[in-house]
Amino acid sequence: MSLDRSLKVASGLTRHRNVLSRAERIAKLTEKGNYDPAAGDPLGLVKVGNRKVTPGGKATKKADKTDEAETKTP
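Here my numbering is used: the first residue of the sequence shown is 26, the next is one more, and so on.
This is how it looks when you write it as structure tokens:
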């Protein structure tokens with residue numbers, strides 16, 4: 026009998042999410058200094074962007090060749 030997809034281990038379910046929970050939004054706003062937890066009940070919180078950061082790759086070979094061609098022509 027196979028294991029249902031919803032019962033996988035927690036480490037396999039971690040992935041990028043665009044929507045943050047209320048606690049995660051408060052934590053991000055507190056880090057930035059846009060929210061004071063001592064102020065009281067957090068109603069009407071501002072939106073918080075959650076962007077996935079991808080590492081930059083190497084420059085393409087085509088771009089390198091055009092750079093070399095520009096430097097060689099007078």
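Glycine included, each C-beta is placed from N, C-alpha and C at the ideal position.
Bear in mind that the values here come from a model prediction, so they are computed numbers and not experimental data.
Residue span of the alpha helix (DSSP H) that contains residue i, given as start and end
| i | result |
| --- | --- |
| residue 54 | 47-57 |
Nearest-angstrom Cα separation, counted from residue j out to residue i
| i | j | result |
| --- | --- | --- |
| residue 52 | residue 40 | 19 Å |
| residue 70 | residue 79 | 27 Å |
| residue 140 | residue 27 | Residue coverage of the chain in this structure runs from 26 to 99, which leaves residue 140 outside it and unanswerable. |
Other residues of its chain near residue i: CB distance less than 7 Å, five sequence neighbours each side excluded
| i | result |
| --- | --- |
| residue 55 | 62 |
| residue 50 | 70, 73 |
Beta carbon of residue i nearer than 9 Å to that of residue j
| i | j | result |
| --- | --- | --- |
| residue 75 | residue 42 | yes |
Nearest candidate by alpha-carbon position, reference residue i, set the options
| i | options | result |
| --- | --- | --- |
| residue 68 | 32, 58, 81, 48 | 48 |
Chain-order list of residues whose beta-carbon lies under 6 Å from that of residue i (same chain, five-residue window excluded)
| i | result |
| --- | --- |
| residue 77 | 41 |
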